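Here my numbering is used: the first residue of the sequence shown is 2, the next is one more, and so on.
Encoded as structure tokens, the structure appears first; notes follow it.
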Amino acid sequence: MKPIPDDTVKQLEQEAAAARSRAYAPYSHFAVGAALLGENGTVYTGCNIENASYPAGNCAERTAVFKAVSEGCRHFRAIAVAGGPEGTDRLTLCTPCGICRQVLREFAGPDFPVWFSDGNGGFRRMTLSQLLPESFGPDSLT
Ligand code: THU
Numbered sequence: 002m003k004p005i006p007d008d009t010v011k012q013l014e015q016e017a018a019a020a021r022s023r024a025y026a027p028y029s030h031f032a033v034g035a036a037l038l039g040e041n042g043t044v045y046t047g048c049n050i051e052n053a054s055y056p057a058g059n060c061a062e063r064t065a066v067f068k069a070v071s072e073g074c075r076h077f078r079a080i081a082v083a084g085g086p087e088g089t090d091r092l093t094l095c096t097p098c099g100i101c102r103q104v105l106r107e108f109a110g111p112d113f114p115v116w117f118s119d120g121n122g123g124f125r126r127m128t129l130s131q132l133l134p135e136s137f138g139p140d141s142l143t
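Listed below in structure tokens is the structure:
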């Protein structure tokens, strides 16, 4: 997989942070934004969208993936995730939840890079296989 240029990573981090402003998080008050880069060059953003019936809420990452797939993009180069207390610019450690890791796994390979806010003013990079080792994916059914 081609490395992602630094300025593209920076753009994804900024778009993820900006997408937080659209989070609907009246229960947790934790606002998350995601920016997913498609192989087609389009950046799909997402935010968390909570629900009065708590399990019906959706994470920012899955919002971004579902937007992209529903618009015809199924191949991705990278994702950035930014999370922190609602109403602030403070980003805390925000690794993707287990369900989002599995949803990313459906459409991305082991080397897929995930950048997430590290709680120290920056972003940390991990690959999907580091976040979800020994994963069950589409190939597992063949
Ligand atoms: N959340 C995300 O959107 N992405 C993550 O990576 C971690 C958690 C959301 C789910 C819920 O709306 C809120 O953050 C608190 O868990």
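Glycine residues also receive a C-beta, built at the ideal position from the N, C-alpha and C atoms.
Computed from a predicted structure; not experimentally measured.
In terms of Cβ geometry, Cys74 and Gly39 form a close pair [threshold 8 Å]. Pairing Glu51 with Tyr25 gives a Cβ-Cβ distance under 8 Å. Counting every other CB atom within 10 Å of its CB across the protein chains shown gives Gly123 a total below 16, marking it as exposed. The continuous beta strand (DSSP E) containing Cys48 extends over residues Val44 to Cys48. A residue is called buried once 16 or more other Cβ atoms fall within 10 Å of its Cβ, and Asn49 is buried on that count.
For Ser136, there is no enclosing alpha helix (DSSP H), as DSSP marks it with neither H nor E. With fewer than 16 other Cβ atoms from the protein chains shown falling within 10 Å of its own Cβ, Gly42 counts as exposed. In this structure Ala19 does not touch Tyr45 by the C-beta definition: roughly 13 Å separates them, more than the 8 Å allowed. Where Arg106 is concerned, the enclosing alpha helix (DSSP H) starts and stops at Gly99 to Phe108.
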